[in-house]
Amino acid sequence: MAAEPKTRPTDASVDEFLAASPSVRQADAAIVRDLLAEIAGAPAVMWGPSIVGFGSYSTGGPKPMDWPLLGFSPRKTELVLYFASDFPEREALLAKLGKHRSAVSCVYVKRLADIDLAVLRQLAQASAAWTRSGHTSC
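Numbers 1 to 138, taken from UniProt numbering, label the letters of the sequence shown in order.
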């Protein structure tokens, strides 16, 4: 029998999770929470123990699973943002974002002050639109 994925919606409190996150990440997390909720048109929900997700979709492939449409996690050293990995505007927008690093569907930011929030908004909007149009890679 296949193991259940750990990253799925839970009833855990997003407010409590964010309050317990590193203090240097809390203000940035509040801004990102509001931004992603607005773009996704969905409230923040805990996905597993450490991802704040907004909306959901089912991935394709041989092992489909539910995944947040948009998400983030305030980690100890960085804020991790979760977007689609393959939308057409991704690389061009990342080039304009500011100081960050990225890997597959993750964008890592030390502080929001290091990036252009208008470009972050564009990234989130493009990612959500791409996924909503039926592109369901994770």
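Using N, Cα and C, we set each Cβ at its ideal position, and we do this for glycine too. These numbers come from a predicted model, not from an experiment.
- In the DSSP assignment, L79 falls within the unbroken beta strand (DSSP E) covering 79–82.
- Distances from the CA of L120 to each of Y57, G55, P22, D28 were compared; the closest alpha carbon is that of D28.
- In terms of Cβ geometry, Q122 and L94 do not form a close pair [threshold 7 Å].
- Nearest to L18 by alpha-carbon distance, out of A37, A124, M46, L35, is M46.
- Taking 7 Å as the cut-off, the beta carbon of T7 is found no closer than this to the beta carbon of L69.
- When the beta-carbon positions are compared, V52 and V14 come within less than 7 Å of each other.
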